Amino acid sequence: MEKGTKLLEIAARIIAIAVFGYSAYMKLSGNPVVIDMFQQVGLEPFGRYGIAIIEIIAIVLLAIPKTVWRGGILGCFMMFGALCFHLTLAKIDVGDGGKMFGSAVLVFLCCFAIIVFHEQDLEHLGE
Numbered sequence: 645m646e647k648g649t650k651l652l653e654i655a656a657r658i659i660a661i662a663v664f665g666y667s668a669y670m671k672l673s674g675n676p677v678v679i680d681m682f683q684q685v686g687l688e689p690f691g692r693y694g695i696a697i698i699e700i701i702a703i704v705l706l707a708i709p710k711t712v713w714r715g716g717i718l719g720c721f722m723m724f725g726a727l728c729f730h731l732t733l734a735k736i737d738v739g740d741g742g743k744m745f746g747s748a749v750l751v752f753l754c755c756f757a758i759i760v761f762h763e764q765d766l767e768h769l770g771e
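So for the sequence shown, my numbering puts the first residue at 645; every next one is plus one.
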């Protein structure tokens, strides 16, 4: 991987880890906006805790160089689910000015970029 590409990949990992960390903290600390969102779909409290644990798993996978592509895939799936949730069951602005939706888009793009940067790791899976 070239130096410029490596810096972009590291930046994408840092952004995804930071947003996942903040999101997991908000879910585990019982933020009222987050609780309200999960009550709307009937997943409070177990769904909120479960998703926070999956976010922590994604953080660990993104932090370890050999598993970063797995974290990218997990992050993409999680953020796809979050985006679908915001666009269908909830709304873009859930009382935070659209910051949760915006951060979901940002993390989805970062995780997608991580997958693209680690394309060679994915090609070796079939061997």
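Where is the CB? At the ideal position from N, CA and C, for every residue including glycine. Owing to the predicted nature of the structure, the values given are computational and were not obtained by experimental measurement.
For this session: Identify whether Lys735 lies in helix, strand or coil by the three-state DSSP scheme.
Result: coil
For this session: Taking only heavy atoms of the ligand NAP into account, decide whether any of them is closer than 8 Å to the Cβ of Ala655.
Result: Here there are no bound small molecules, and the ligand NAP is not part of this structure.
Problem set entry | Coil, strand or helix - Val677 by DSSP | helix
Problem set entry | Cβ neighbours of Val738 in the same chain (closer than 7 Å, five flanking residues each side left out) | Val677, Met681, Met744
Exercise. Can you tell which of Lys647, Ser667, Gly741 has the C-alpha that lies nearest to the C-alpha of Ile695?
Worked result: Ser667
Problem set entry | Residues near Gly742 in its chain [Cβ-Cβ closer than 8 Å; skip 5 each side] | Ile736
Exercise. Which residues bound the alpha helix (DSSP H) around Glu699?
Worked result: 690-707
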